[in-house]
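Q: Pasting in a structure now, in structure tokens, and then I'll have a few things to ask.
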Amino acid sequence: MDPEELNDDTASTASAQKVSVSMPADRIAAVRARVGKRGFSAYVSAAVERQLQRDLLEELLQEKEAAIGPPSPEIEAWAEGVFRNAEAKAVQERGTTADGGGECHGREAA
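Letter by letter, the sequence shown follows residues 3 to 112 in the working numbering.
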């Protein structure tokens, strides 16, 4: 795959640099089908930004858990219910089925 310039002005104010990234061909095709060749870099840049935010959130959660201890089983059950409801609502709004579609990444129940 040829390196593409990261030029998504909405994701960052830093100057863009070209990078080379290896990805499975089916993912490349899926992204191009969604955004075309010209939008590929912006799509990948936005995905990286979301992952960086998730990583920072996970680090914050780990720091808080180290300081105050893990959440109680009641709080974990409540959070799981909130996520399940949000996922069901998102699936319903997209008009798709939930079988195998979404999964919660990150923290495991203790």
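All C-beta atoms in this analysis are idealised placements derived from N, C-alpha and C, irrespective of residue type, glycine included.
Just the Cα atoms here: how many angstroms apart are Lys91 and Phe85?
A: Taking the straight line joining both Cα atoms gives about 10 Å.
Q: Just to confirm the assignment, what range does the alpha helix (DSSP H) spanning Lys91 have?
A: That run of the alpha helix (DSSP H) goes Pro75 to Arg96.
Q: Work out the CA separation of Gln55 and Ser24 for me, nearest whole Å.
A: Whole-angstrom Cα-Cα distance: 22 Å.
Q: Just verifying my parser: in three-state terms, what is the DSSP assignment at Lys66?
A: Reduced to three states, the DSSP call for Lys66 is helix.
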